[in-house]
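Asks: After the structure tokens below, expect a handful of questions from me.
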Amino acid sequence: MSVTRMQEIQICFGKQKQADISTPNTGVQMWQLRKLNAALANPKLNTENDAEEFGKGHEFATQSFQTSWDVNGTLEKYLGAEIGAWAMAFGLGKVVKSGTTPNFTYTCTPLFPASGDAAELPYFSFVEQIRPGAGVVVDRMAVGCVVEGWSISIGSGPGRANSKITVEFVGSGKYVEPSGITMPAATVEKLLASASLALSINGVNYVSNKNIVSIETSWKNNVRLDGGFFPGSGFQTPGDGASGAIRGRLEFGNRQGTLRFVARFENGSTELTKLRQQTTGTAMLALTYDANNSLEITWHKVSFASAEVGEIDGIVTVSVECLPMWDETNGIVSAVAKCGVDGICQ
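Residue numbering for the sequence shown is 35 to 380, as defined by this note's numbering.
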């Protein structure tokens, strides 16, 4: 009997957004990318039983009920121009595409309902396959997924591991098995390496002064999961009340952005002074593969929430936690992503 190796897994997911939460992506709307983590996006069936009910003559369960479904997953990847553009578009939610091949530009900002934007994030489908076909091990598609959050970490040292992105996603609970999707050819990804970093925070260029050690920035949508189960949200099998409820919407909650960095601390370093004075300014980080493939993220107004002097490898450093704040002119964050792939979140 043959074993199944986890590295046989292939994944693809919606490059384009779904028409709505219940309409899955088709194969031509998807792309295949690599990932670093082995974890699967397993559909989870939630059940209840009648053990606590009265009238049975005893305290034991006699029935089990399929109540609802969950799907969630994580993508851990080396940061490339393609996944960077996808994460910004689906994670922030509002996208303006410009440019032509090979330089498509995606300008991404958070949805803002007060300006008429939706509270629902753009949806995509996520497919996992291991030996699809006659000898299938896994072949399923989660329908109606949204990005819960993304995190980018840039570190010091050689190798791809110093430029990574993690994307968390959650789903409506709806899944299709078998998926019916023919796996598309793998997309060739363009690495946005740590060595390409440009970084300016609160008036200081941390690359030109050669002091940056590491930086991490993230966005979290805090999706209202329970709010997706509303009267009439639907079932796994339409019309079958015994098949378990699925979500009919996925809306963002109170969103959060984070930015933290570690830099060398020396005579003239201003982090502690700016903390005490609560100085505000912009924070911009950019990573570039070439003129057609890059990612630039701008936090439009930040102050320092904490700054602590320490050391790394015997070198004096300062660890800074920034507080991203709302700017009345530009909002909180924007991302400009360039890559050679058309149709992302369109």
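Think of the CB as a built atom: it goes at the ideal place given N, C-alpha and C, for glycine as much as any other residue.
#1: Could you compute how far the alpha carbon of D361 sits from the alpha carbon of F94?
#2: Determine which residues share a DSSP beta bridge with F269 and list them.
#3: Should I215 go down as buried or exposed, given a rule of 16 or more other Cβ atoms within 10 Å for buried?
#4: Quick one: Cα of A219 to Cα of I164, how far?
#5: Pick out whichever of V257, G48, G282 and D274 has its Cα sitting closest to the Cα of P265.
#6: Nearest to S228 by alpha carbon, out of S187, D173, A176 and E211?
#7: Please state whether DSSP places T143 in a helix, a strand or coil.
#8: Given a cut-off of 8 Å, decide if G114 and L225 are closer than it, judged by their beta-carbon atoms.
#9: With burial defined as no fewer than 16 other Cβ atoms inside 10 Å of the residue's Cβ, what is the status of K308: buried or exposed?
#10: Out of P136, T135 and L155, which one is the CA nearest neighbour of C142?
#11: Starting from E82, follow the beta strand (DSSP E) in both directions and report where the run begins and ends.
#12: Flag this pair as yes or no: are the beta carbons of W184 and V171 separated by less than 8 Å?
#13: Alpha carbons only, please: which of A53, V161, P212 and N255 is nearest the one belonging to G127?
#14: With DSSP as the reference, label I349 as helix, strand or coil.
#15: Quick one, are the C-beta atoms of K208 and G178 less than 8 Å apart?
#16: So, with DSSP's three-state summary, where would you put F124?
#17: Could you check where the alpha helix (DSSP H) with E305 kicks off and where it finishes?
#18: Sorted by chain position, which residues of the same chain lie with C-beta nearer than 8 Å to T221's C-beta, five sequence neighbours on each side aside?
#19: Are at least three pairs of beta-carbons, each pair with one atom in the region 245-260 and one in the region 295-312, less than 8 Å apart?
#20: If A341 and V350 are in contact, beta carbons under 8 Å, what's the gap, nearest whole angstrom?
#21: Count the other CB atoms, across all protein chains shown, that sit within 10 Å of the CB of I346; report buried if there are 16 or more and exposed otherwise.
#22: Can you give me the Cβ contacts of Q380 inside the same chain, cut-off strictly under 8 Å, excluding the 5 residues immediately before and after it?
#23: Let me confirm a value: P144 is counted as buried when at least 16 other C-beta atoms fall within 10 Å, else exposed. Which label applies?
#24: State yes or no: is the C-beta of N83 within less than 8 Å of the C-beta of Q97?
#25: Taking Cβ to Cβ, would you say L329 is nearer than 8 Å to G118?
#26: Could you work out which residue in F99, S234, G193 and V210 is closest to A276 when comparing CA atoms only?
#27: By a C-beta neighbour count over all protein chains shown, 10 Å radius and 16 as the cutoff for buried, is M122 buried or exposed?
Replies: So, from the data block:
#1: In the sequence shown, the residue the question calls residue 361 occupies position 327. In the sequence shown, the residue the question calls residue 94 occupies position 60. Near 58 Å, if we compare the C-alpha coordinates of F94 and D361.
#2: Position 235 of the sequence shown, counted from the start, is the residue given in the question as residue 269. Beta-bridge annotation (DSSP): F269 is paired with A279.
#3: Here residue 215 is taken as the residue at index 181 of the sequence shown, counted from 1. With 16 or more Cβ atoms within 10 Å of its Cβ, I215 is classed as buried.
#4: For the purposes of this step, residue 219 is identified with residue 185 of the sequence shown, where counting begins at 1. For the purposes of this step, residue 164 is identified with residue 130 of the sequence shown, where counting begins at 1. Our two residues, A219 and I164, have alpha carbons roughly 15 Å apart in a direct line.
#5: Taking the sequence shown and counting its residues from 1, the one referred to as residue 265 is at position 231. From the listed residues V257, G48, G282 and D274, the smallest Cα separation to P265 is found for G282.
#6: Position 194 of the sequence shown holds residue 228. Comparing Cα positions, the closest option is S187.
#7: What you label residue 143 is simply residue 109 of the sequence shown in a count that begins at 1. If DSSP states are grouped into helix, strand and coil, T143 belongs with the strands.
#8: To locate residue 225, count along the sequence shown from 1; it is residue 191. To locate residue 114, count along the sequence shown from 1; it is residue 80. Taking 8 Å as the Cβ cut-off, L225 and G114 qualify as a contacting pair.
#9: Start at 1 with the first residue of the sequence shown, and residue 308 comes out as number 274. Around the C-beta of K308, 16 or more other C-beta atoms lie within 10 Å, and the residue is accordingly described as buried.
#10: Indexing the sequence shown from 1 puts residue 142 at position 108. Closest option to C142, Cα to Cα, is L155.
#11: Sequence index remark: in the sequence shown, residue 82 carries index 48 (1-based). Judged by DSSP secondary structure, E82 falls within the beta strand (DSSP E) whose first and last residues are K78 to N83.
#12: On the sequence shown, residue 184 is found 150 positions in, with the first residue counted as 1. On the sequence shown, residue 171 is found 137 positions in, with the first residue counted as 1. Cβ atoms of W184 and V171: not closer than 8 Å.
#13: Start at 1 with the first residue of the sequence shown, and residue 127 comes out as number 93. Ranking A53, V161, P212 and N255 by Cα distance to G127 puts N255 first.
#14: Stepping through the sequence shown from its first residue, residue 349 is reached at position 315. In the three-state reduction of the DSSP assignment, I349 falls in the strand class, which pools E and B.
#15: To locate residue 208, count along the sequence shown from 1; it is residue 174. To locate residue 178, count along the sequence shown from 1; it is residue 144. In this structure, G178 lies closer than 8 Å to K208 by Cβ.
#16: Mapped onto the sequence shown, residue 124 falls at position 90. Residue state, collapsed to three classes: helix.
#17: Counting from 1 along the sequence shown, the entry for residue 305 is found at position 271. E305: member of the alpha helix (DSSP H) spanning E305 to Q311, first to last residue.
#18: In the sequence shown, counting from the first residue as 1, residue 221 sits at position 187. Correct list, in chain order: W65, Q66, L67, E116 and V375.
#19: The region 245-260 vs the region 295-312: in contact.
#20: Position 307 of the sequence shown, counted from the start, is the residue given in the question as residue 341. Position 316 of the sequence shown, counted from the start, is the residue given in the question as residue 350. No, A341 and V350 are not in contact; Cβ-Cβ is about 13 Å, not under 8 Å.
#21: Mapped onto the sequence shown, residue 346 falls at position 312. Its Cβ having fewer than 16 others within 10 Å, I346 is exposed.
#22: Numbered from 1 along the sequence shown, position 346 holds the residue referred to as residue 380. Cβ neighbours of Q380 beyond the five flanking positions: Q50, K51, V129 and K131.
#23: Against the sequence shown, residue 144 aligns to sequence position 110. Classification for P144: buried.
#24: Locating residue 83 in the sequence shown gives position 49, where the first residue counts as 1. Locating residue 97 in the sequence shown gives position 63, where the first residue counts as 1. Yes, Cβ-Cβ distance for N83 and Q97 is below 8 Å.
#25: Looking up residue 329 in the sequence shown gives position 295. Looking up residue 118 in the sequence shown gives position 84. Closer than 8 Å, so yes.
#26: Locating residue 276 in the sequence shown gives position 242, counting from the first residue. With distances taken between Cα atoms, A276 lies closest to F99.
#27: The count along the sequence shown starts at 1 and reaches residue 122 at position 88. Residue environment: M122 is assigned as buried (16 or more neighbouring CB atoms within 10 Å of its CB, all protein chains considered).
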